[in-house]
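Undergrad:
There are 2 protein chains.
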Amino acid sequence: MMISTRGRYALRVLLDLAEHKGEGYIPMKSVAERQELSLKYIERIMPVLSKNKLVEGVHGKGGGYRLSREPSEYIVGEILRLTEGNLAPVSCLECGAKPCERKGQCLTLPMWTEFHQMVNDYFDKITLDDLMNNKI
Amino acid sequence: MMISTRGRYALRVLLDLAEHKGEGYIPMKSVAERQELSLKYIERIMPVLSKNKLVEGVHGKGGGYRLSREPSEYIVGEILRLTEGNLAPVSCLECGAKPCERKGQCLTLPMWTEFHQMVNDYFDKITLDDLMNNKI
DNA sequence: CTTTAACATACCTTGTTGGTAGGTTAATAA
DNA sequence: TTATTAACCTACCAACAAGGTATGTTAAAG
Numbered sequence: 000m001m002i003s004t005r006g007r008y009a010l011r012v013l014l015d016l017a018e019h020k021g022e023g024y025i026p027m028k029s030v031a032e033r034q035e036l037s038l039k040y041i042e043r044i045m046p047v048l049s050k051n052k053l054v055e056g057v058h059g060k061g062g063g064y065r066l067s068r069e070p071s072e073y074i075v076g077e078i079l080r081l082t083e084g085n086l087a088p089v090s091c092l093e094c095g096a097k098p099c100e101r102k103g104q105c106l107t108l109p110m111w112t113e114f115h116q117m118v119n120d121y122f123d124k125i126t127l128d129d130l131m132n133n134k135i
Numbered sequence: 000m001m002i003s004t005r006g007r008y009a010l011r012v013l014l015d016l017a018e019h020k021g022e023g024y025i026p027m028k029s030v031a032e033r034q035e036l037s038l039k040y041i042e043r044i045m046p047v048l049s050k051n052k053l054v055e056g057v058h059g060k061g062g063g064y065r066l067s068r069e070p071s072e073y074i075v076g077e078i079l080r081l082t083e084g085n086l087a088p089v090s091c092l093e094c095g096a097k098p099c100e101r102k103g104q105c106l107t108l109p110m111w112t113e114f115h116q117m118v119n120d121y122f123d124k125i126t127l128d129d130l131m132n133n134k135i
């Protein structure tokens, strides 16, 4: 019942980029120092954000990453689903999962389904901008 | 972001016991067969429920487990916290955790805190009786 | 005194998490 | 053109948790 460091670190990096918006490309080295995270670990998390167009990265001197949208256009749920893979509380609710044998007789499935919905709804109502401005 | 089998199996065993309420002590062998779970694995989960007075177990022939209260008096949140250990989404919210260094400057902590509260509230409003009678 | 079933302990396999190491590619600046 | 910087890629690894199995011991009934 935990959110792993992948999702949490991704959020913190994106928040850091949001706070340095307008300063061009930000090297991960400086983010790692400010956030006290391992540079190498950040480097393993960023490609998925880049491939999904959440950030734009450029190589070489003067390079780094920058946000590709406004902070208010980043949904926390989207970021977590990308980095965590999924927010399903039980495996039978994961996208693409084969239906459970006991689906018909399972007394707990409706609860997990409603819970899953609630979790997604919660994180889908929060944006990076909300977090930055303590709106939560 | 998953509820492990420990918590889910515990719920299913308790629901099975609830369905056989009034039939005395129910051997785990029969529960394992009905629920298609490993008997040995169930046997490793039950002692924690027994020690916390959720069930009463008696040894030997004619023994087994039975509920110690009415199904409507079992809170799902209580069962999950017992078997999962904790429902905290991030380690800094676990009970007994040392306060995080970055607590003051952490932009995401308020979100995790509110989320944690929401999760507990959700499961604390559901009882075994609700699950049995599809009230959810 | 045998059977049954809870309870205890030890072990094991598999997968995930949270990294590190080392190198390659691309861009800029000197 | 070459050195530097920084993204990006691949492989590896240690620690831990999940999800069991195996092998008992203890307690109660018959």
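Residue numbers (numbering that gives the first Met the number 0), protein chains in the order written: chain Z, 0 to 135; chain X, 0 to 135. Glycine included, every Cβ here is placed at the ideal spot set by N, Cα and C.
(1) For the region 119 to 130 of chain Z against the region 102 to 117 of chain X, are there 3 or more C-beta pairs whose distance is under 8 Å?
(2) Looking only at DSSP bridge pairs, what is T126 (chain Z) linked to?
(3) Tell me V118 (chain Z)'s beta-bridge partners as DSSP assigns them.
(4) Taking Cβ positions only, does V89 (chain X) come closer than 7 Å to chain Z?
(5) What are the residues of the region 103 to 117 of chain X that lie near chain Z, defined by any Cβ-Cβ distance shorter than 7 Å?
(6) Within a Cβ cutoff of 7 Å, which residues of the same chain sit near I25 (chain X), ignoring the five residues on either side of it in sequence?
(7) For E55 (chain Z) and S67 (chain Z), which I take to be in contact (beta-carbon distance under 8 Å), what is that distance rounded to the nearest angstrom?
(8) Considering just the uninterrupted stretch of the alpha helix (DSSP H) at E42 (chain X), what are its terminal residues?
(9) Skipping 5 residues on each side, what residues in its chain have a beta carbon closer than 6 Å to that of K39 (chain Z)?
(10) Across which residues does DSSP place L66 (chain X) in a beta bridge pair?
(11) Taking R5 (chain X) as the reference, give the member of X:S49, X:I41, X:A96 with the closest Cα.
(12) Please look up how many angstroms separate the CB atoms of T126 (chain Z) and V75 (chain Z), rounded, as I've assumed it's under 8 Å.
(13) Could you check whether L81 (chain X) and H115 (chain X) sit closer than 7 Å to each other, using their CB atoms as the reference points?
(14) Assign A96 (chain Z) to buried or exposed, taking buried as 16 or more other Cβ atoms, counted over all protein chains shown, within 10 Å of its Cβ.
TA: With the given structure in hand:
(1) yes
(2) Z:I74
(3) For V118 (chain Z), which the question treats as bridged, DSSP gives no partner whatsoever.
(4) yes
(5) L106, T107, P109, M110, E113, F114, M117
(6) L16, H19, G63, Y64, R65
(7) 5 Å
(8) 38 to 50
(9) none
(10) X:V54
(11) X:I41
(12) 7 Å
(13) no
(14) exposed
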